[in-house]
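Read top to bottom, the protein sequences are chains A and B. Number 36 in the UniProt record's numbering belongs to position 36 of the first sequence; there are no gaps in the numbering. Number 76 in the UniProt record's numbering belongs to position 76 of the second sequence; there are no gaps in the numbering. Remarks on the structure that follows.
Number of protein chains: 2
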Amino acid sequence: MVTMNDVARLAGVSKMTVSNVVNNRAGVSDPVRRRVLEAIRQSGYRVNLSARTLKSGRTGIIGLAVPEIRSPYFGHLAAHVIDEAAQRGFHVAIEQTGAAAAGEIEAIAHSHTLHFDGLILSAVELDRADPRLAGTGYPIVMLGEQDFGGRFDHVAMPNEEGTKAATAHLIDQGCRRIAIVTGSALKGVNVVTRRYQGYLAALAERGLEPDPALLFTIDKLTMEAGRAAAHRLAGPGREVDGVVAVTDTVAQGVLRGLADRGLRVPGDIRVVGFDDIPEAEFMVPSLSTVAPDHRWMAEKAVELLTGRMSAPGRETGEYTAPFELRIRESST
Amino acid sequence: MVTMNDVARLAGVSKMTVSNVVNNRAGVSDPVRRRVLEAIRQSGYRVNLSARTLKSGRTGIIGLAVPEIRSPYFGHLAAHVIDEAAQRGFHVAIEQTGAAAAGEIEAIAHSHTLHFDGLILSAVELDRADPRLAGTGYPIVMLGEQDFGGRFDHVAMPNEEGTKAATAHLIDQGCRRIAIVTGSALKGVNVVTRRYQGYLAALAERGLEPDPALLFTIDKLTMEAGRAAAHRLAGPGREVDGVVAVTDTVAQGVLRGLADRGLRVPGDIRVVGFDDIPEAEFMVPSLSTVAPDHRWMAEKAVELLTGRMSAPGRETGEYTAPFELRIRESST
DNA sequence: TTGTAAGCGTTATCAG
DNA sequence: CTGATAACGCTTACAA
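This is the structure:
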């Protein structure tokens with residue numbers, strides 16, 4: 001491996017001068033600078049980040065923990081975070097939590113152990129009351145899902161408002177028996193409960209009675225589970241004319257499950273999702289959905305994290321992404 | 001920050017003994033080991049990876065460069081690579097190349113600069129003849145797409161065989177005017193040309209004449225482009241009864257585009273894709289596709305890369321993933 | 001403007 | 001079995 005010493009010898013200067021050139025510091029004469037740069041080019045020298053890190057105590061790496069990178073929503077989000085971090089000179093190492101509290105705790109420990117400069121955690125199961133969350137002052141930004149009650153910087157989804165708008169839209173389209181397909185964790189404050197609240201709020205506002213028979217819970221927020229829920233929902237004697245799916249991925253499963261049963265969307269049943277994944281526009285029928293501003297979220301999360309790195313004691317903030325309701329075929 | 005020294009002082013032993021305990025090395029008496037472990041627990045000590053890296057010269061990080069992490073295919077692949085690397089004690093840092101040769105070259109340089117232990121590169125544009133590819137002995141494994149003629153370890157897709165099987169399947173279903181929707185880079189040896197060859201081979205084997213009017217090229221392998229191609233393809237006087245799409249993502253666009261034009265799949269036109277992304281099963285209609293063994297590919301890539309790290313001089317190998325043809329609604 | 005010395009936290013080596 | 005010492009490549013502080 002080519003080191004600074006090698007370059008220094010080649011250029012006939014000291015290690016320190018090479019360091020100064022590499023870091024664009026003032027106080028190096030032009031001829032010397034040129035000689036050093038030439039030596040660097042010739043030798044193919046590259047700074048050793050580990051060595052630099054050892055001195056500075058920073059790795060330049062941000063951890064990003066998501067349930068599953070393969071899911072379109074998190075892939076999409078990750079892409080934005082990577083871009084945004086790159087702009088601020090950080091690299092992103094991705095961790096998969098498997099959508100389980102244990103995985104989420106582990107991601108924190110891991111990020112810590114690897115001395116990442118901070119962690120953006122998209123937690124979906126971890127509870128604000130989890131004892132393993134003992135605050136260590138390590139920079140963590142919670143992204144999008146659970147609510148941790150002011151304990152961490154938090155970039156939230158417009159869970160309640162968005163679902164309320166989507167549900168109201170279905171009502172406006174004439175739906176009267178609107179099912180919701182959502183996760184089974186209906187306690188606590190999390191993405192599932194918040195969106196459920198939004199659904200209830202829209203019903204209440206429009207004077208519709210919530211019907212327990214219209215609540216379809218699933219264990220995992222996957223396409224498979226959405227499909228299975230649609231099968232249950234399309235069973236005899238339900239008379240459902242609208243479906244609010246907790247995520248677009250679930251909605252995609254619902255669309256598929258309704259097709260399995262020969263039900264037409266939007267003819268027989270209208271469907272809305274949440275997230276606006278890139279695929280939503282290309283589904284058949286195209287999916288109406290709540291579109292939070294993903295880029296905004298990624299920017300905010302990275303901004304908060306870098307802010308916290310430099311000012312660890314700062315008060316935590318809570319930010320909710322703006323959203324639009326994108327109306328497509330599935331609800332019109 | 002808690003260091004080994006702190007732990008050593010706390011346990012009343014030397015730094016070296018702590019190191020031995022941390023690394024599970026033999027030659028530490030049980031009582032001392034216990035004392036040290038207790039001191040580690042109390043102090044919250046974590047090894048400093050940078051320091052270890054500085055000594056060992058290895059970072060424990062593998063770079064993974066893909067065109068776009070948000071695309072389902074690459075997200076899926078990345079998930080497998082991350083899992084497989086984790087099993088071998090490596091972390092994965094993801095780089096996005098934007099599906100451009102410049103981005104791919106940059107990913108190599110970047111991986112180098114950051115002293116990642118190696119790079120898995122899913123190149124789609126970089127040419128085997130690119131002068132910037134001057135061999136430096138840095139461990140690189142090419143994944144899935146371009147063919148680099150023995151210059152690198154290469155885990156290839158079954159491009160030709162897979163597309164041939166898919167096309168033959170359409171013919172067996174009675175299709176006679178089979179269009180192909182593929183990229184515009186029809187020169188050189190790459191994913192587009194290889195799959196086109198497979199398409200031609202199937203036609204030849206079944207005695208069908210290739211018709212230039214049935215070749216629809218697109219600039220980027222996206223859903224949008226697939227949709228636009230479907231619109232062209234469904235124009236007046238084409239009489240197309242089958243479509244081979246170069247990837248599932250493109251196929252999803254094609255399905256959407258055909259729906260736009262009121263054509264029914266498989267009633268009017270049959271469609272097959274390539275990749276078997278998780279969404280394929282949930283499209284409406286569900287998509288018939290070539291399913292390469294993604295896990296196998298990820299395993300092989302990581303295995304080759306770690307192999308090359310320990311034996312840099314070894315001959316390069318070329319491996320092609322096994323595949324299955326998954327027949328679903330879109331072609332039956 | 002350039003160079004020298006010390007040390008970041010860890011581990012390999014070798015002595016006790 | 002345990003410990004002292006010297007690196008790994010770089011940067012900070014200071015001296016020339």
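Cβ coordinates follow ideal geometry from the N, Cα and C atoms, glycine included. Note that the coordinates shown come from a computational prediction; the quantities given were computed from them, not determined experimentally.
Short Cβ contact (8 Å threshold) for alanine 78 (chain B) with isoleucine 69 (chain A):
yes
Closer than 7 Å by C-beta to leucine 200 (chain B): which residues in its own chain qualify, once you throw out the five before and the five after it? Chain order, please.
Pro210, listed in sequence order.
Taking histidine 115 (chain B) as the query, report the chain A residues whose CB atoms sit under 8 Å from its CB, ordered along the chain.
Arg46, Asn48, Leu49 and Ser50
With distance defined between alpha-carbon atoms, name the residue in A:Val244, A:Val81, A:Met16 and A:Val141 nearest to valine 192 (chain A).
A:Val244
Whole-angstrom distance between glycine 60 (chain A) and glycine 89 (chain A), CA atom to CA atom:
Each residue's CA atom was taken as its position, placing glycine 89 (chain A) and glycine 60 (chain A) some 7 Å apart.
Positions along the segment 283-314 of chain B whose CB lies within less than 9 Å of some CB in chain A
Of all residues in the segment 283-314 of chain B, Met283, Val284, Pro285 and Ser286 have a Cβ within less than 9 Å of some Cβ in chain A.
Enclosing alpha helix (DSSP H) for histidine 115 (chain A) [first to last residue]:
No alpha helix (DSSP H) contains histidine 115 (chain A), which DSSP labels as neither H nor E.
By DSSP, does glycine 317 (chain B) sit in helix, in strand, or in coil?
coil
Under a Cβ-count criterion, where at least 16 other Cβ atoms within 10 Å of its own Cβ denotes burial, should glutamine 42 (chain A) be classed as buried or exposed?
exposed
Using the rule of at least 16 other Cβ atoms within 10 Å of the residue's Cβ for burial, across every protein chain shown, is proline 236 (chain A) buried or exposed?
exposed
Coarse secondary structure for valine 155 (chain A), derived from DSSP in three states:
In the structure shown, valine 155 (chain A) falls within a strand segment according to DSSP collapsed to helix, strand and coil.
Near residue 333 (chain A), what residues of its chain come up, given a Cβ to Cβ distance below 7 Å and the 5 sequence neighbours on each side ignored?
No answer is possible for residue 333 (chain A): it lies beyond the span of chain A, which begins at 1 and ends at 332.
Within 8 Å (strictly less), CB to CB, does valine 92 (chain B) reach chain A?
Closer than 8 Å: yes.
Does the segment 311-320 of chain B come close enough to the segment 151-166 of chain B to have 3 or more Cβ pairs within less than 8 Å?
yes
How many Å lie between threonine 167 (chain B) and aspartate 260 (chain A) at the Cα?
Each residue's Cα considered, the two are about 26 Å apart.
Who are the neighbours of glutamate 68 (chain B) on chain A, taking C-beta pairs under 8 Å?
Ala79
Applying the criterion that 16 or more other CB atoms from any shown protein chain within 10 Å of the CB defines a buried residue, is methionine 4 (chain A) buried or exposed?
buried
Alpha carbon to alpha carbon, what distance is there between proline 292 (chain A) and glycine 57 (chain A)?
36 Å
Glutamine 252 (chain A) at chain B interface by Cβ criterion, 8 Å:
yes
Just to make sure I have the definition right: I need the residues of chain A whose C-beta is within less than 9 Å of the C-beta of methionine 223 (chain B). Which are they?
Pro278, Glu279, Glu281 and Phe282
Can you tell me which of A:Arg264, A:Asp117, A:Gly144 and A:Asp268 puts its alpha carbon nearest to the alpha carbon of phenylalanine 323 (chain A)?
A:Gly144
Going by CA-CA distance only, name the one from A:Gly183, A:Gly150 and A:Lys187 that's closest to glutamate 315 (chain A).
Minimum Cα-Cα distance from glutamate 315 (chain A) among the listed residues A:Gly183, A:Gly150 and A:Lys187 corresponds to A:Gly150.
Please classify arginine 300 (chain B): is it buried, with 16 or more other beta-carbons within 10 angstroms of its beta-carbon, or exposed?
It should be noted that the sequence gives lysine, not arginine, for residue 300 (chain B). Per the 10 Å Cβ criterion, buried.
Boundaries of the beta strand (DSSP E) in which phenylalanine 274 (chain A) is found, first to last residue
270-274
For isoleucine 40 (chain B), which of helix, strand or coil comes out of DSSP?
helix
Within chain B, the residues that histidine 76 (chain A) reaches when beta carbons sit closer than 7 Å
Arg70
Buried versus exposed, by CB contacts within 10 Å (16 or more), asparagine 23 (chain A)
exposed
Apart from the five residues just before and just after isoleucine 105 (chain A), which ones in its own chain have a Cβ nearer than 6 Å to its Cβ?
Arg132
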